[in-house]
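S.K.: My structure is below; once you've seen it, I'll send some questions.
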Amino acid sequence: MHSSPDIETPLAEVPAALAYIIADFGNYAGLEGLAFDEQNQIHLTFDDIEITIEFINDTVGLILQAVVGPVDLEDEVYMMRWLNAMNGAGFRIGAGVATLVPDTNTLVWSDRLLAESLSIDSLQVAFDRAVHHVRAWRDALDDAGNPELESADEQGTSLAAMVRI
Numbered sequence: 001m002h003s004s005p006d007i008e009t010p011l012a013e014v015p016a017a018l019a020y021i022i023a024d025f026g027n028y029a030g031l032e033g034l035a036f037d038e039q040n041q042i043h044l045t046f047d048d049i050e051i052t053i054e055f056i057n058d059t060v061g062l063i064l065q066a067v068v069g070p071v072d073l074e075d076e077v078y079m080m081r082w083l084n085a086m087n088g089a090g091f092r093i094g095a096g097v098a099t100l101v102p103d104t105n106t107l108v109w110s111d112r113l114l115a116e117s118l119s120i121d122s123l124q125v126a127f128d129r130a131v132h133h134v135r136a137w138r139d140a141l142d143d144a145g146n147p148e149l150e151s152a153d154e155q156g157t158s159l160a161a162m163v164r165i
């Protein structure tokens, strides 16, 4: 689910300390032998949410991504306003961002973890938050096209309230 599939860059080597944290996280979650694949990715599913964890490099760290769902662009201006408001709310509370994949009209949630400060505890918290945030985005997306609900700006504020944990 890498965000830039058209850009070919050599994969960075996963640091041994990070590989150890991932393996330890896997053991904690009952996934013995958890490790990055040949694309530096791990795909984990919790309920109906598949989260991709990708190691980019030592500077960027890890990117967590998950599909939120398809976006109805019948009223494209409204949906872009809604997406901007929701991302603004999410940014203010550190809840990651969602981007629209243009060729599929799919909303994808992403967040970043710095590899240098990662521990098994912070990875567990990040994974739990990722699941929670994707659920909140899915709920908000389900309500986005409902004209009886508040404006896009008010929905953005309500996302901020929903994703606080």
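full-length UniProt numbering puts the last residue of the sequence shown at 165; the count rises by one with no breaks. Idealized CB from N, CA, C, for every residue including glycine.
#1: Here's a check: name, in chain order, each residue in its chain whose Cβ is nearer than 8 Å to the Cβ of A27, leaving out the five neighbours to either side.
#2: By Cβ distance below 6 Å, which residues in the same chain neighbour A19 in space, the five residues on each side in sequence not counted?
#3: Is H43 buried or exposed, if buried means 16 or more other CB atoms sit within 10 Å of its CB?
#4: Could you give the C-beta distance for H132 and W109, rounded to a whole number, given that I count them as a contact under 8 Å?
#5: Pull up the distance between the alpha-carbon of V163 and that of A16, whole angstroms please.
#6: Have a look at G61 and S117 and give me their C-alpha separation to the nearest angstrom.
#7: Look at the alpha carbon of V101 and the alpha carbon of L64, and state the distance between them as a whole number of angstroms.
#8: Can you list, in chain order, the residues of its chain whose CB lies under 6 Å from that of L114, leaving out five sequence neighbours each side?
#9: With a Cβ-Cβ cutoff of 8 Å, do I120 and D48 count as a contact?
#10: Helix, strand or coil: which one does DSSP assign to F25?
#11: As an exercise, report each continuous alpha helix (DSSP H) stretch of at least 4 residues that is fully enclosed by the stretch 7-86, in chain order.
M.R.: A quick look at the data gives this:
#1: Here residue 27 corresponds to residue number 27 of the sequence shown, with the count starting at 1. A small correction: the amino acid at residue 27 is Asn; Ala does not occupy that position in the sequence shown. Same-chain partners within the cutoff: L34.
#2: Working through the sequence shown from its first residue, we reach residue 19 at position 19. Nothing listed; no residue qualifies.
#3: For the purposes of this step, residue 43 is identified with residue 43 of the sequence shown, where counting begins at 1. Exposed is the call here.
#4: On the sequence shown, residue 132 is found 132 positions in, with the first residue counted as 1. On the sequence shown, residue 109 is found 109 positions in, with the first residue counted as 1. Going by Cβ atoms, the distance from H132 to W109 rounds to 11 Å, so no, they are not a contact pair.
#5: Position 163 of the sequence shown, counted from the first residue, corresponds to residue 163. Position 16 of the sequence shown, counted from the first residue, corresponds to residue 16. Caution applies to V163, whose pLDDT of 47 falls short of 50 and renders its modelled position unreliable; the model cannot decide the point.
#6: Working through the sequence shown from its first residue, we reach residue 61 at position 61. Working through the sequence shown from its first residue, we reach residue 117 at position 117. Straight-line Cα distance between these residues: approximately 9 Å.
#7: By one-based count along the sequence shown, residue 101 stands at place 101. By one-based count along the sequence shown, residue 64 stands at place 64. For V101 and L64, the distance between alpha carbons rounds to 16 Å.
#8: Indexing the sequence shown from 1 puts residue 114 at position 114. The answer, listed in chain order, is G61.
#9: Along the sequence shown, read from residue 1 onward, the residue named residue 120 stands at position 120. Along the sequence shown, read from residue 1 onward, the residue named residue 48 stands at position 48. Contact flag unset, no.
#10: As a first step, residue 25 must be located in the sequence shown, where it is residue number 25. Reduced to three states, the DSSP call for F25 is helix.
#11: Listed in chain order, they are 16-28.
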